[in-house]
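Asker:
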Amino acid sequence: MKQLIQKLVESIGPSGYETTVRNLVHAEVEKFANDVSVDALGNLIVRKGQKADDGLRIMLAAHMDEIGLIVTHIDENGFGRVTTIGGVGTRTCLGGRVRFVNGVQGVIGGERLDSIDKVHSVEQLFIDVGATGRADCPIKVGDVAAFERPFMDLGDRLVAKSMDDRISVAVLIETLRQIKTTPHELVFVFTTQEEVGTRGAEAAAYVVDPDLGISVDVTLVGDTPKGVRMEVSLGKGPAIKVRDGGMLADPRLVRLMVEAAEKAGLPYQMEVLEGGTTDARAMQITRAGVPAGCVSIPCRYVHSPSEMVDYNDVQNSVKLLVELLSKPIKLG
Amino acid sequence: MIELSPFLKQLLSLPGLSGHEAPVRAVIAEAWQPLVDELSTSKIGSLHGLRRGTGPEPRQRILLSAHMDAIGLMATSVVEGLVHFTQVGGIDPRILPGQPVTVHGRKDLPGVVAQPADRLLPAAQQGKPVSMEHLLVDTGLTAQETAELVRPGDLISFAQPPVDLAGETLSGHTLDNRASVAAVTLCLEELKHSAPAWDVWAVASVQEETVLGGAITSPFDIRPNLAIAIDVTHAKGPGVSDYRGFPLGEGPTLGWGPNVHPPAYKALKDLADRLDIPTSIEPMPRHSGTDAIGIQVVAEGIPTLVIGIPLRYMHTPVETVSLKDISRTAHLMAEFIARLEPDFMDKIRWDE
Amino acid sequence: MNNITEAYPVAPVIGAEQIALLEKLSNACAVSGDEGEVRAIVSEQLKDVADEYKIDGLGNVLVTRKAHQGDARALKVAVAAHMDEVGFMLVDGEDSLYCFELIGGIDLRQLPGKSVLVGKNHTPGVIGARAIHLTTSEERRNTIPLDALRIDLGLGGKAKIGDRATFATRFQQVGPSLVGKALDNRLGVATLIELVKHAPPNIELCAIFSTQEEVGARGAGVAAYYFDPDIAIAVDSTPAYDLPMWDNSENTQYNTHLEHGPAIYIADSSTISDPRLVRHLAQTGDTLNLPYQFRQPGGGGTDASGMQRRRGGIASLSISVPHRYPHTPIQIARLSDWQATTSLLYQALLRLPQDILTRPLDE
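Protein chains in written order, with the numbering used here: chain Z, 157 to 488; chain U, 166 to 517; chain H, 79 to 441.
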């Protein structure tokens, strides 16, 4: 699975421009799916299984897009001014390397600030692609870039940019591969534009019209020095989301996830996240409502170019999903 | 016959935080059972009660939405027997220290919100209102017992019992929005004595305090022709003296602004005036802060109205309402619904 | 390319008649939620031209022009222009002095010393400011807060709580410029009216004269659900911050420039345009030598944000006429930019490939 993860995290696919990732995922899932389609917003919709009498139509979502930067202006010296795509912290930018969707590479620089204590605003940053003026600049207004960092395998711990949310994409691909039988109609949706407001999921959920929705995304942890206070740690198992900044998971689904984890002898953690949200929010409020929840992969340094996850958590997330989705689900 | 005060007090005694409304839903369902033809629950937990109308098919439908979810707290971690928490819905941390609460762990546990002594807090906090991050709930149990019985994600609700105050006012937590649920219930009861032409969908909605989940989803299948969101609004009182507050006990407010359908507002206002039910116009320049925000833009759009029940000290455990305002709201809605003609929506015009 | 048969379509032209209509639109008072005056103008202009016409539960005017011979394969294209402007609501007051709230994003610094029009009768009023003689230099360092401002109707003047108010600016044409209030988005409304009158016969045009854009693109959202189109386009007016920098350094945050033609949106803060639509519009401009510019990505929002995520997702794009001084009493746009916007939009729709949505999102 590490090879798949590496391919995914090293792809460039900021919100709205997910084609490379979509093609990659398509190639990986084709032989395991009953049906694969792409909708108007670029969501990749992969269907597997038939709904039995005691089955449900379950939508699973992991987003293909990552945060990035979009060019707003090329100045007279060939530097590219930018704005953010999704929640990019400018603190993580200086000296960073980017790659554009069109392949061009560059470096992020910043204006000189009057005090070393200040943080750059995005308007005070720029991308240097090595051009000397507008004429020889290989990028233009509207071009998009993502951070570029190679995948790092530290054994149990894996590090890359866009673990959010390519690690979940990998988890869903692996889940799709491993599920042998299921009473459910499973609809794996690899969504677009989550980082700018769960937009892809909103549209996909409407069309899929599921009985149940489960997103897979990363969540923060509280196990780094003087970090946020949070009861989720790397290596202690997949996190079952109780709530986040945009959604309260259906308590019946939370209970079922806990039961599934305990039944399969898997470690798990309860997640209460105070900021941020996932595609589950969009699924929950679609049409007449959908019971929704989320399996989270604990992750350090989220939205930085070096996000870190625990490989065992990743594998246990797959196991949890396989366990949950292979059996009937009684919400009660 | 439903007695307002006991019924309301019963509603207030039940937990039902945003996203976890089952306990209060059960009691509302019991009260609505004899008043409607059909009861059902939405996929995310809103309660729907249908009272069929007498008009010819296809019948017009009116939806009454009163959110049943409450604000409260949620445990984030347990450290040395003390429970750290975050909010569910908007809570001013300054009202928390010393509050009696119930921790809904593996079983319900009484507790108190503790403000650690200044000497235990960072310098910046000392002498200042303590942020939620540093407040704790103490259940009085040992560290081991607490760790066994409480875990992250467990809900914590206010435990302050309601108090009858002078002038037929009631004070308690979660009158936002159980007061409106009571108003809808009384309205349904009053409708038993009339034969409205329209179908009436009473909805006790979920998750208004957090994501408007109920407001966005319930109307999707119901597709009402008209909807009324009933919620509490600010009453004049200490610290509330400008136009955003309305007198307690002098009638409900009628919302006015982009979130409200102007001709429908006019019809409701005219009726209130004719029936001598005192109302005030509540200007809502941008949006109403109620279920109406979600309802109005469901599917092809739904004409909405907003009725407000004035309430002091919103989002504290001592919210205060006038019982008379609740009855008036119920009565106004029942009269409005009873008089709705099948072609009401055709007859009212956008620009007069 | 399409087969454009028989009745060869006549392109819309922005001339004296259209400018006169824009004047009526700009002078009309229609704040979010209270769009009646503009609705009346739209109705008068289009009721007899429309194949289908209706006003929905949020006050949107929904007008359909069917494709030539009711072609079933024709793409269904929704085009939205919002009728509302930013303004005020009177919330409290007595003795002819009224407190008010803002509707839409208005910079408080634009308010002191302005004329307004209040309510259906356009009752004149003013937003005053204390005489400089009675202020201190310390005080003048701070913006006058909203709760210190009042709308003054004059002795004995009366208005109703809940009445809306707008700036009182009257429209003028000055040289190459159009000058007035609410050019955002009466320019869009005027453009859409012309488009409906000269509907390209190869598409089914679903025109949405929307309400409540300034408070969250609410009208366009429900209208898009109703129409369930293949494509959604918002026609709006976007700021040009193209004045010189204070120190004459390079202006890198201009958003758009006046006189550079219609602004095509790549992405704003709420919508990432469908790249295929962006390419099609740009290619149309290149092929026909029509001017256009790209709006700087980021910031702002249009009706597209309400439409894009509806139903199963709708391929969306925004295109705007640039104007200076957004959300202020006096806005300035160039007639040439308006003409160019109308031309580009019309030609792009006329040449819209029927299979455009089957093409991959990327080149």
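Glycine residues also receive a C-beta, built at the ideal position from the N, C-alpha and C atoms.
#1: Between the beta-carbon of residue 403 of chain U and the beta-carbon of residue 444 of chain U, is there less than 7 Å?
#2: Indicate whether at least one CB of chain U lies closer than 7 Å to the CB of residue 288 of chain H.
#3: Taking only beta-carbon atoms, is residue 516 of chain U less than 7 Å away from chain H?
#4: For the candidate residues H/435, H/142, H/386 and H/410, whose alpha-carbon lies nearest to that of residue 253 of chain H?
#5: Taking only the alpha-carbon atoms, compute the straight-line gap between residue 199 of chain U and residue 408 of chain U and give it to the nearest angstrom.
#6: For residue 167 of chain H, return the contacting residues in chain U, with the cut-off set at a CB-CB distance below 8 Å.
#7: Would you say residue 131 of chain H faces chain U, with C-beta separation under 7 Å as the test?
#8: Step through the CB atoms of chain H and report whether any lies within less than 7 Å of the CB of residue 167 of chain Z.
#9: Run through the segment 324-389 of chain H for me and flag every whole beta strand (DSSP E) of 3 or more residues, listed as ranges in chain order.
#10: With a threshold of 16 other CB atoms inside 10 Å of the CB of residue 314 of chain H, please say whether the residue is buried or exposed.
#11: Would you decide whether residue 358 of chain U is buried or exposed? Buried here means 16 or more other CB atoms lie within 10 Å of its CB.
#12: Check each residue of the segment 195-211 of chain U: if its Cβ is closer than 9 Å to any Cβ of chain Z, include it; give the result in chain order.
#13: Which term fits residue 381 of chain Z, buried or exposed, when burial requires 16 or more other beta carbons within 10 angstroms of its beta carbon?
#14: Roughly how far, in whole angstroms, is the beta-carbon of residue 391 of chain U from the beta-carbon of residue 429 of chain U, given that I think they are within contact range, below 8 Å?
#15: Use the C-beta contact count for residue 190 of chain Z: other C-beta atoms within 10 angstroms, 16 or more gives buried, fewer gives exposed.
#16: Once you ignore the five residues that flank residue 169 of chain H on each side, which residues in its own chain have a CB closer than 7 Å to its CB?
#17: Checking 7 Å against the spacing of the C-beta atoms, do residue 284 of chain H and residue 419 of chain H come in under that value?
#18: According to DSSP, is residue 185 of chain U part of a helix, a strand, or is it coil?
#19: Using 10 angstroms around the beta-carbon of residue 324 of chain H, count the other beta-carbons present and answer buried if the total reaches 16, otherwise exposed.
#20: For residue 251 of chain H and chain Z, any beta-carbon pair shorter than 7 Å?
#21: Output, in chain order, the set of chain U residues within a Cβ distance shorter than 7 Å of residue 415 of chain Z.
#22: Are the segment 472-492 of chain U and the segment 333-340 of chain U touching by the rule of at least three beta carbon pairs closer than 8 Å?
#23: Taking 7 Å as the threshold (C-beta atoms), are residue 433 of chain Z and residue 406 of chain Z in contact?
#24: Quick one: is residue 386 of chain U near chain Z, going by C-beta distance under 7 Å?
#25: Just mark residue 211 of chain H as buried or exposed, buried being the case when its beta carbon has 16 or more other beta carbons within 10 Å.
#26: Using a Cβ-Cβ distance under 7 Å, would residue 422 of chain H count as near chain U?
#27: Taking DSSP as the reference, what is the three-state secondary structure of residue 403 of chain H?
#28: Verify whether the separation of the beta carbon atoms of residue 376 of chain H and residue 239 of chain Z is less than 7 Å.
#29: Span of the beta strand (DSSP E) holding residue 177 of chain H?
#30: Skipping 5 residues on each side, what residues in its chain have a beta carbon closer than 7 Å to that of residue 88 of chain H?
#31: From residue 321 of chain U to residue 237 of chain U, what distance separates their C-alpha atoms?
#32: Do the CB positions of residue 328 of chain Z and residue 344 of chain Z come within less than 7 Å of each other?
#33: Identify the contact partners of residue 284 of chain H in chain U, using a Cβ-Cβ distance below 8 Å as the criterion.
#34: What is the C-beta distance between residue 379 of chain U and residue 232 of chain U, in whole angstroms, given that I count them as a contact (C-beta under 8 Å)?
#35: Given a cut-off of 7 Å, decide if residue 371 of chain U and residue 210 of chain U are closer than it, judged by their beta-carbon atoms.
#36: Please list, in chain order, all residues of the same chain as residue 212 of chain Z whose beta carbon is under 7 Å from its beta carbon, the five residues on each side excluded.
Answerer: Result, derived from the coordinates:
#1: Start at 1 with the first residue of the second sequence, and residue 403 of chain U comes out as number 238. Start at 1 with the first residue of the second sequence, and residue 444 of chain U comes out as number 279. No. Outside cutoff.
#2: Reading the third sequence from its first residue, position 210 is the one you call residue 288 of chain H. Taking Cβ atoms only, chain U never reaches closer than 7 Å to residue 288 of chain H, which makes this a no.
#3: Start at 1 with the first residue of the second sequence, and residue 516 of chain U comes out as number 351. So yes, residue 516 of chain U belongs to the interface.
#4: Position 175 of the third sequence, counted from the start, is the residue given in the question as residue 253 of chain H. Among H/435, H/142, H/386 and H/410, the Cα nearest to that of residue 253 of chain H is on H/410.
#5: Counting from 1 along the second sequence, the entry for residue 199 of chain U is found at position 34. Counting from 1 along the second sequence, the entry for residue 408 of chain U is found at position 243. Looking at the two C-alpha atoms, the distance is approximately 40 Å.
#6: Indexing the third sequence from 1 puts residue 167 of chain H at position 89. Within 8 Å Cβ-Cβ: 422, 448 and 450.
#7: Locating residue 131 of chain H in the third sequence gives position 53, where the first residue counts as 1. Not one chain U Cβ lies under 7 Å of residue 131 of chain H.
#8: Start at 1 with the first residue of the first sequence, and residue 167 of chain Z comes out as number 11. No, residue 167 of chain Z lies away from the interface with chain H (no Cβ there is under 7 Å from its Cβ).
#9: 341-343 and 371-373
#10: For the purposes of this step, residue 314 of chain H is identified with residue 236 of the third sequence, where counting begins at 1. When all chains shown are included, residue 314 of chain H counts as buried.
#11: Residue 358 of chain U sits at position 193 when you count from the first residue of the second sequence. Exposed.
#12: 207, 208, 209, 210 and 211
#13: Translated into the one-based positions of the first sequence, residue 381 of chain Z becomes position 225. The residue is exposed, with fewer than 16 neighbouring Cβ atoms inside 10 Å.
#14: Numbered from 1 along the second sequence, position 226 holds the residue referred to as residue 391 of chain U. Numbered from 1 along the second sequence, position 264 holds the residue referred to as residue 429 of chain U. Sure, about 6 Å apart at Cβ, within 8 Å.
#15: Position 34 of the first sequence, counting from 1, holds the residue named residue 190 of chain Z. By the 10 Å Cβ count, residue 190 of chain Z comes out exposed.
#16: Position 91 of the third sequence, counting from 1, holds the residue named residue 169 of chain H. So the list reads 177, 178, 179 and 239, once near-sequence residues are dropped.
#17: Taking the third sequence and counting its residues from 1, the one referred to as residue 284 of chain H is at position 206. Taking the third sequence and counting its residues from 1, the one referred to as residue 419 of chain H is at position 341. Against a cut-off of 7 Å, the Cβ pair of residue 419 of chain H and residue 284 of chain H comes out as no contact.
#18: Locating residue 185 of chain U in the second sequence gives position 20, where the first residue counts as 1. Of the three classes helix, strand and coil, the one that applies to residue 185 of chain U here is coil, per DSSP.
#19: Translated into the one-based positions of the third sequence, residue 324 of chain H becomes position 246. Result: exposed.
#20: The sequence position of residue 251 of chain H within the third sequence is 173, counting from 1. No, residue 251 of chain H does not count as interfacial toward chain Z.
#21: The residue labelled residue 415 of chain Z in the question sits at position 259 within the first sequence. Simply none; closest approach about 15 Å.
#22: yes
#23: Here residue 406 of chain Z refers to the residue found at position 250 when the first sequence is read from its first residue. Here residue 433 of chain Z refers to the residue found at position 277 when the first sequence is read from its first residue. It is not a contact, given that the beta carbons lie outside the stated cut-off.
#24: The count along the second sequence starts at 1 and reaches residue 386 of chain U at position 221. With 7 Å as the cut-off, residue 386 of chain U counts as an interface residue toward chain Z.
#25: Locating residue 211 of chain H in the third sequence gives position 133, where the first residue counts as 1. Looking at its Cβ environment, which holds fewer than 16 other Cβ atoms inside 10 Å, residue 211 of chain H is exposed.
#26: Along the third sequence, read from residue 1 onward, the residue named residue 422 of chain H stands at position 344. Not one chain U Cβ lies under 7 Å of residue 422 of chain H.
#27: If you number the third sequence from 1, residue 403 of chain H lands on position 325. It is coil, neither helix nor strand.
#28: Here the question's residue 376 of chain H lines up with position 298 in the third sequence. Here the question's residue 239 of chain Z lines up with position 83 in the first sequence. For residue 376 of chain H and residue 239 of chain Z, yes; Cβs fall inside 7 Å.
#29: The count along the third sequence starts at 1 and reaches residue 177 of chain H at position 99. Start and end: 175-181.
#30: Sequence index remark: in the third sequence, residue 88 of chain H carries index 10 (1-based). Contacts found: 276.
#31: As a working note, residue 321 of chain U is residue 156 in the second sequence. As a working note, residue 237 of chain U is residue 72 in the second sequence. If you take the alpha carbons of residue 321 of chain U and residue 237 of chain U, they lie about 6 Å apart.
#32: In the first sequence, counting from the first residue as 1, residue 328 of chain Z sits at position 172. In the first sequence, counting from the first residue as 1, residue 344 of chain Z sits at position 188. Yes, Cβ-Cβ distance for residue 328 of chain Z and residue 344 of chain Z is below 7 Å.
#33: On the third sequence, position 206 is the one that residue 284 of chain H refers to. Ordered by position in chain U, no residue passes the 8 Å Cβ test against residue 284 of chain H, which lies about 13 Å from the chain.
#34: Here residue 379 of chain U refers to the residue found at position 214 of the second sequence. Here residue 232 of chain U refers to the residue found at position 67 of the second sequence. Right, the Cβ-Cβ distance comes to about 6 Å (below 8 Å), so this counts as a contact.
#35: The residue labelled residue 210 of chain U in the question sits at position 45 within the second sequence. The residue labelled residue 371 of chain U in the question sits at position 206 within the second sequence. Taking 7 Å as the Cβ cut-off, residue 210 of chain U and residue 371 of chain U qualify as a contacting pair.
#36: The sequence position of residue 212 of chain Z within the first sequence is 56, counting from 1. Hits under 7 Å: 340, 367, 368 and 485.
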